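Numbering (this note's numbering), first residue to last: 12 to 316.
Even for Gly, the Cβ is constructed at its ideal location relative to N, Cα and C.
Predicted, not measured: the structure shown is a model, and the values here were computed from it.
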(Lines of atoms letter the chains of each structure in order from A; the text may use other names.)
(Lines give C-alpha, C1' and ligand atoms only; values in the text may rest on other atoms or scores of the structure.)
Protein backbone atom coordinates (compact mmCIF):
# COMPACT_ATOMS: atom_id res chain seq x y z
CA UNK A 12 0.00 0.00 0.00
CA UNK A 13 1.54 3.30 -1.10
CA UNK A 14 1.64 6.28 1.25
CA UNK A 15 1.36 9.87 0.10
CA UNK A 16 4.93 11.28 0.37
CA UNK A 17 3.52 14.47 1.90
CA UNK A 18 2.20 12.43 4.84
CA UNK A 19 5.54 10.85 5.73
CA UNK A 20 7.07 13.94 7.43
CA UNK A 21 3.88 14.44 9.42
CA UNK A 22 4.54 11.19 11.28
CA UNK A 23 7.38 13.07 12.97
CA UNK A 24 4.72 15.02 14.84
CA UNK A 25 3.21 11.95 16.52
CA UNK A 26 5.80 11.67 19.34
CA UNK A 27 5.27 15.34 20.17
CA UNK A 28 1.49 14.91 20.30
CA UNK A 29 2.11 11.91 22.57
CA UNK A 30 4.09 14.17 24.94
CA UNK A 31 1.10 16.52 25.15
CA UNK A 32 -1.04 13.49 26.03
CA UNK A 33 1.52 12.46 28.67
CA UNK A 34 1.28 15.92 30.21
CA UNK A 35 -2.50 15.56 30.43
CA UNK A 36 -2.07 12.24 32.26
CA UNK A 37 0.46 13.72 34.69
CA UNK A 38 -1.47 16.93 35.36
CA UNK A 39 -3.07 15.79 38.64
CA UNK A 40 -0.05 13.81 39.83
CA UNK A 41 2.25 16.82 40.19
CA UNK A 42 1.63 19.77 42.48
CA UNK A 43 0.52 22.97 40.67
CA UNK A 44 3.58 24.75 42.10
CA UNK A 45 5.76 22.27 40.23
CA UNK A 46 4.06 23.07 36.92
CA UNK A 47 4.43 26.80 37.57
CA UNK A 48 8.15 26.33 38.24
CA UNK A 49 8.51 24.33 35.03
CA UNK A 50 6.71 27.03 33.04
CA UNK A 51 9.05 29.66 34.49
CA UNK A 52 12.11 27.57 33.58
CA UNK A 53 10.80 27.07 30.04
CA UNK A 54 10.05 30.77 29.58
CA UNK A 55 13.25 32.12 31.11
CA UNK A 56 15.90 29.59 30.03
CA UNK A 57 14.99 26.62 27.87
CA UNK A 58 12.91 28.19 25.11
CA UNK A 59 15.16 31.22 24.69
CA UNK A 60 18.01 28.74 24.12
CA UNK A 61 15.95 26.98 21.44
CA UNK A 62 15.18 30.28 19.70
CA UNK A 63 18.84 31.32 19.81
CA UNK A 64 20.06 28.03 18.36
CA UNK A 65 17.43 28.02 15.59
CA UNK A 66 18.07 31.64 14.59
CA UNK A 67 21.86 31.41 14.71
CA UNK A 68 22.40 28.03 13.06
CA UNK A 69 21.68 29.17 9.50
CA UNK A 70 23.04 32.32 7.81
CA UNK A 71 20.14 34.64 6.94
CA UNK A 72 20.32 37.61 4.58
CA UNK A 73 19.41 41.01 6.00
CA UNK A 74 16.83 41.51 3.26
CA UNK A 75 15.09 38.30 4.33
CA UNK A 76 15.11 39.39 7.98
CA UNK A 77 13.39 42.69 7.20
CA UNK A 78 10.92 41.05 4.82
CA UNK A 79 10.03 38.30 7.31
CA UNK A 80 9.79 40.80 10.17
CA UNK A 81 7.38 43.09 8.33
CA UNK A 82 5.36 40.08 7.17
CA UNK A 83 5.11 38.77 10.74
CA UNK A 84 3.89 42.18 11.95
CA UNK A 85 1.33 42.23 9.15
CA UNK A 86 0.05 38.81 10.23
CA UNK A 87 -0.31 40.04 13.81
CA UNK A 88 -2.15 43.12 12.57
CA UNK A 89 -4.56 40.97 10.58
CA UNK A 90 -5.29 38.85 13.65
CA UNK A 91 -5.70 42.01 15.73
CA UNK A 92 -8.27 43.41 13.28
CA UNK A 93 -10.01 40.07 12.71
CA UNK A 94 -10.45 39.54 16.44
CA UNK A 95 -11.85 43.01 16.98
CA UNK A 96 -14.57 42.36 14.38
CA UNK A 97 -16.00 39.94 16.96
CA UNK A 98 -16.32 42.65 19.63
CA UNK A 99 -20.13 42.59 19.75
CA UNK A 100 -20.15 38.84 20.41
CA UNK A 101 -17.70 39.02 23.31
CA UNK A 102 -17.95 40.17 26.93
CA UNK A 103 -19.29 43.67 27.50
CA UNK A 104 -16.53 44.46 30.00
CA UNK A 105 -13.55 45.81 28.03
CA UNK A 106 -10.82 44.07 30.05
CA UNK A 107 -12.57 40.70 29.78
CA UNK A 108 -12.94 41.20 26.03
CA UNK A 109 -9.29 42.24 25.67
CA UNK A 110 -8.16 39.15 27.58
CA UNK A 111 -9.92 36.96 25.03
CA UNK A 112 -9.11 39.22 22.05
CA UNK A 113 -5.36 38.71 22.47
CA UNK A 114 -5.80 35.04 21.52
CA UNK A 115 -6.52 36.12 17.92
CA UNK A 116 -2.89 37.15 17.33
CA UNK A 117 -0.69 35.59 20.03
CA UNK A 118 0.95 32.26 19.18
CA UNK A 119 2.25 29.03 20.70
CA UNK A 120 5.99 29.01 20.08
CA UNK A 121 6.46 25.39 21.19
CA UNK A 122 4.11 24.01 18.54
CA UNK A 123 5.95 26.08 15.93
CA UNK A 124 9.10 24.04 16.47
CA UNK A 125 7.09 20.83 16.48
CA UNK A 126 5.49 21.53 13.11
CA UNK A 127 8.68 22.78 11.46
CA UNK A 128 10.29 19.35 11.90
CA UNK A 129 8.29 18.23 8.86
CA UNK A 130 10.18 20.72 6.65
CA UNK A 131 13.76 21.35 5.47
CA UNK A 132 16.16 22.93 7.99
CA UNK A 133 16.09 26.33 6.28
CA UNK A 134 12.43 26.77 7.23
CA UNK A 135 13.31 26.57 10.95
CA UNK A 136 15.71 29.51 10.64
CA UNK A 137 13.12 31.68 8.90
CA UNK A 138 10.48 30.65 11.44
CA UNK A 139 12.78 31.61 14.33
CA UNK A 140 13.25 35.05 12.78
CA UNK A 141 9.48 35.49 12.38
CA UNK A 142 8.91 34.53 16.01
CA UNK A 143 11.72 36.76 17.26
CA UNK A 144 10.42 39.77 15.34
CA UNK A 145 6.80 39.07 16.34
CA UNK A 146 7.35 38.64 20.09
CA UNK A 147 7.68 42.35 20.96
CA UNK A 148 4.77 43.40 18.74
CA UNK A 149 2.47 40.63 20.00
CA UNK A 150 3.26 41.51 23.60
CA UNK A 151 2.85 45.24 22.97
CA UNK A 152 -0.57 44.72 21.40
CA UNK A 153 -1.70 42.41 24.22
CA UNK A 154 -0.50 44.62 27.06
CA UNK A 155 -1.82 47.72 25.32
CA UNK A 156 -5.26 46.14 24.82
CA UNK A 157 -5.46 44.96 28.43
CA UNK A 158 -4.28 48.20 30.01
CA UNK A 159 -5.99 50.60 27.61
CA UNK A 160 -5.29 54.17 28.63
CA UNK A 161 -4.39 53.16 32.17
CA UNK A 162 -1.06 51.52 31.39
CA UNK A 163 2.34 53.15 31.81
CA UNK A 164 4.10 53.31 28.40
CA UNK A 165 7.49 53.19 30.10
CA UNK A 166 6.59 50.03 32.01
CA UNK A 167 5.19 48.39 28.88
CA UNK A 168 8.34 49.17 26.87
CA UNK A 169 10.54 47.79 29.66
CA UNK A 170 8.52 44.56 29.89
CA UNK A 171 8.84 44.02 26.16
CA UNK A 172 12.54 44.95 25.97
CA UNK A 173 13.60 42.36 28.56
CA UNK A 174 11.41 39.55 27.19
CA UNK A 175 13.70 36.46 27.05
CA UNK A 176 12.23 35.37 23.69
CA UNK A 177 13.06 38.74 22.14
CA UNK A 178 16.58 38.90 23.57
CA UNK A 179 17.42 35.33 22.50
CA UNK A 180 15.95 35.71 19.02
CA UNK A 181 17.76 38.98 18.32
CA UNK A 182 21.00 37.47 19.63
CA UNK A 183 20.59 34.50 17.31
CA UNK A 184 19.82 36.75 14.35
CA UNK A 185 22.97 38.81 15.01
CA UNK A 186 25.10 35.65 15.10
CA UNK A 187 23.44 34.29 11.96
CA UNK A 188 23.89 37.53 10.00
CA UNK A 189 27.44 38.39 11.09
CA UNK A 190 28.82 34.86 11.24
CA UNK A 191 30.40 35.56 14.64
CA UNK A 192 31.54 32.17 16.00
CA UNK A 193 30.08 31.15 19.35
CA UNK A 194 32.70 29.54 21.64
CA UNK A 195 32.38 25.77 21.80
CA UNK A 196 31.38 25.39 25.45
CA UNK A 197 28.60 28.05 25.43
CA UNK A 198 27.41 26.64 22.11
CA UNK A 199 27.17 23.14 23.56
CA UNK A 200 25.38 24.42 26.67
CA UNK A 201 22.84 26.28 24.51
CA UNK A 202 22.36 23.15 22.43
CA UNK A 203 21.69 20.98 25.49
CA UNK A 204 19.17 23.49 26.84
CA UNK A 205 17.50 23.72 23.43
CA UNK A 206 17.18 19.93 23.29
CA UNK A 207 15.34 19.95 26.62
CA UNK A 208 12.98 22.79 25.69
CA UNK A 209 10.47 21.04 23.44
CA UNK A 210 9.70 17.87 25.42
CA UNK A 211 9.30 19.71 28.73
CA UNK A 212 7.19 22.46 27.17
CA UNK A 213 4.91 19.99 25.41
CA UNK A 214 4.36 18.04 28.63
CA UNK A 215 3.54 21.33 30.37
CA UNK A 216 1.06 22.26 27.62
CA UNK A 217 -0.72 18.93 28.06
CA UNK A 218 -0.91 19.44 31.81
CA UNK A 219 -2.52 22.87 31.38
CA UNK A 220 -5.36 21.67 29.14
CA UNK A 221 -8.83 21.64 30.69
CA UNK A 222 -10.62 18.95 28.71
CA UNK A 223 -14.00 19.66 30.34
CA UNK A 224 -14.41 22.89 28.33
CA UNK A 225 -13.13 21.75 24.94
CA UNK A 226 -16.62 21.41 23.44
CA UNK A 227 -18.18 24.54 25.00
CA UNK A 228 -17.93 26.62 21.85
CA UNK A 229 -19.73 29.95 21.85
CA UNK A 230 -20.08 32.11 18.75
CA UNK A 231 -17.35 34.38 20.11
CA UNK A 232 -14.91 31.54 20.83
CA UNK A 233 -15.56 29.89 17.47
CA UNK A 234 -14.96 33.19 15.70
CA UNK A 235 -11.61 33.68 17.42
CA UNK A 236 -10.52 30.15 16.48
CA UNK A 237 -11.64 30.67 12.88
CA UNK A 238 -9.57 33.85 12.61
CA UNK A 239 -6.46 32.40 14.26
CA UNK A 240 -6.38 28.90 12.81
CA UNK A 241 -7.94 29.26 9.36
CA UNK A 242 -8.36 32.84 8.12
CA UNK A 243 -4.79 33.95 8.92
CA UNK A 244 -2.93 30.99 7.37
CA UNK A 245 -5.28 30.91 4.39
CA UNK A 246 -4.71 34.60 3.68
CA UNK A 247 -0.94 34.33 4.17
CA UNK A 248 -0.61 31.30 1.90
CA UNK A 249 -2.72 32.96 -0.80
CA UNK A 250 -0.59 36.12 -0.73
CA UNK A 251 2.66 34.13 -0.78
CA UNK A 252 1.54 32.09 -3.79
CA UNK A 253 0.23 35.15 -5.63
CA UNK A 254 3.44 37.15 -5.10
CA UNK A 255 5.93 34.36 -5.73
CA UNK A 256 7.46 34.25 -2.24
CA UNK A 257 10.24 31.59 -2.08
CA UNK A 258 9.08 28.21 -0.79
CA UNK A 259 10.95 28.11 2.56
CA UNK A 260 9.82 31.62 3.52
CA UNK A 261 6.25 30.86 2.42
CA UNK A 262 6.25 27.72 4.58
CA UNK A 263 7.68 29.60 7.59
CA UNK A 264 5.15 32.44 7.38
CA UNK A 265 2.19 30.13 6.82
CA UNK A 266 3.21 27.92 9.74
CA UNK A 267 3.67 31.00 11.92
CA UNK A 268 0.20 32.26 11.05
CA UNK A 269 -1.40 28.83 11.64
CA UNK A 270 -0.13 28.39 15.21
CA UNK A 271 -2.67 27.97 18.02
CA UNK A 272 -2.77 30.81 20.51
CA UNK A 273 -0.20 31.23 23.29
CA UNK A 274 -0.62 28.64 26.04
CA UNK A 275 0.03 31.29 28.72
CA UNK A 276 -2.46 33.87 27.41
CA UNK A 277 -4.68 33.31 30.44
CA UNK A 278 -1.77 34.18 32.76
CA UNK A 279 -1.35 37.61 31.17
CA UNK A 280 -5.11 38.12 31.18
CA UNK A 281 -5.35 37.37 34.91
CA UNK A 282 -2.44 39.69 35.62
CA UNK A 283 -4.45 42.64 34.30
CA UNK A 284 -7.76 41.65 35.87
CA UNK A 285 -9.45 39.90 32.93
CA UNK A 286 -11.61 36.78 33.19
CA UNK A 287 -8.96 34.06 33.52
CA UNK A 288 -11.44 31.19 33.14
CA UNK A 289 -12.76 32.51 29.82
CA UNK A 290 -9.27 32.88 28.38
CA UNK A 291 -8.11 29.50 29.71
CA UNK A 292 -11.06 27.89 27.93
CA UNK A 293 -10.18 29.60 24.65
CA UNK A 294 -6.54 28.52 25.03
CA UNK A 295 -7.56 24.90 25.61
CA UNK A 296 -9.89 24.89 22.61
CA UNK A 297 -7.28 26.54 20.39
CA UNK A 298 -4.63 24.00 21.42
CA UNK A 299 -6.90 21.02 20.76
CA UNK A 300 -8.23 22.34 17.43
CA UNK A 301 -4.69 23.38 16.49
CA UNK A 302 -3.41 19.83 16.96
CA UNK A 303 -5.72 18.96 14.04
CA UNK A 304 -5.52 22.11 11.91
CA UNK A 305 -1.74 22.58 12.09
CA UNK A 306 -0.91 19.15 10.60
CA UNK A 307 -3.49 19.87 7.88
CA UNK A 308 -1.69 23.11 6.96
CA UNK A 309 1.61 21.21 7.00
CA UNK A 310 0.09 18.69 4.60
CA UNK A 311 -1.07 21.48 2.26
CA UNK A 312 2.36 23.14 2.31
CA UNK A 313 4.20 19.87 1.70
CA UNK A 314 1.91 19.12 -1.24
CA UNK A 315 2.72 22.51 -2.74
CA UNK A 316 6.47 22.06 -2.23
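Ranked by how close their Cα comes to the Cα of residue 230, the residues 89, 100 and 59 have 100 in first place.
For a cut-off of 8 Å, the C-beta gap from residue 274 to residue 294 is around 6 Å, short enough to register as a contact.
Taking a cut-off of 8 Å on C-beta distances, the segment 87–101 touches the segment 226–244, as three or more cross pairs fall below it.
Counted as a single uninterrupted DSSP element, the stretch harbouring residue 226 is not any alpha helix (DSSP H), since DSSP gives it neither H nor E.
Here the alpha carbon of residue 115 sits roughly 33 Å from the alpha carbon of residue 203.
Under the DSSP assignment, residue 308 falls in the alpha helix (DSSP H) whose first and last residues are 287–315.
Assignment of residue 211 by DSSP, reduced to helix, strand and coil, places it in the helix class. When secondary structure is reduced to three states using DSSP, residue 101 falls in the coil class, being assigned neither helix nor strand. Listed in chain order, the non-local C-beta contacts of residue 148 below 6 Å within the same chain comprise 84 and 87, local neighbours out to five positions each way being set aside.
For residue 75, the closest alpha carbon among the candidates 124, 58 and 136 is that of 136. DSSP, reduced to helix, strand and coil, places residue 42 outside both helices and strands of the structure shown, so it counts as coil. Scanning its chain for C-beta atoms nearer than 7 Å, with the 5 sequence neighbours on each side dropped, one finds around residue 32 the residues 217, in chain order.
For the pair residue 106 and residue 38, the Cα-to-Cα distance works out to about 29 Å. By the Cβ test, the segment 180–193 is not in contact with the segment 112–127, since fewer than three Cβ pairs between them sit closer than 8 Å. Between the alpha carbons of residue 259 and residue 103 lies a gap of roughly 42 Å. Annotated three-state conformation of residue 112 is helix, per DSSP. Comparing alpha carbon positions, the residue from 272, 211, 108 and 27 closest to residue 301 is 272.
For residue 190, the CB contacts under 8 Å within the same chain, skipping 5 residues up- and downstream, are 70 in chain order. In the three-state reduction of the DSSP assignment, residue 275 falls in the coil class, being assigned neither a helical nor a strand state.
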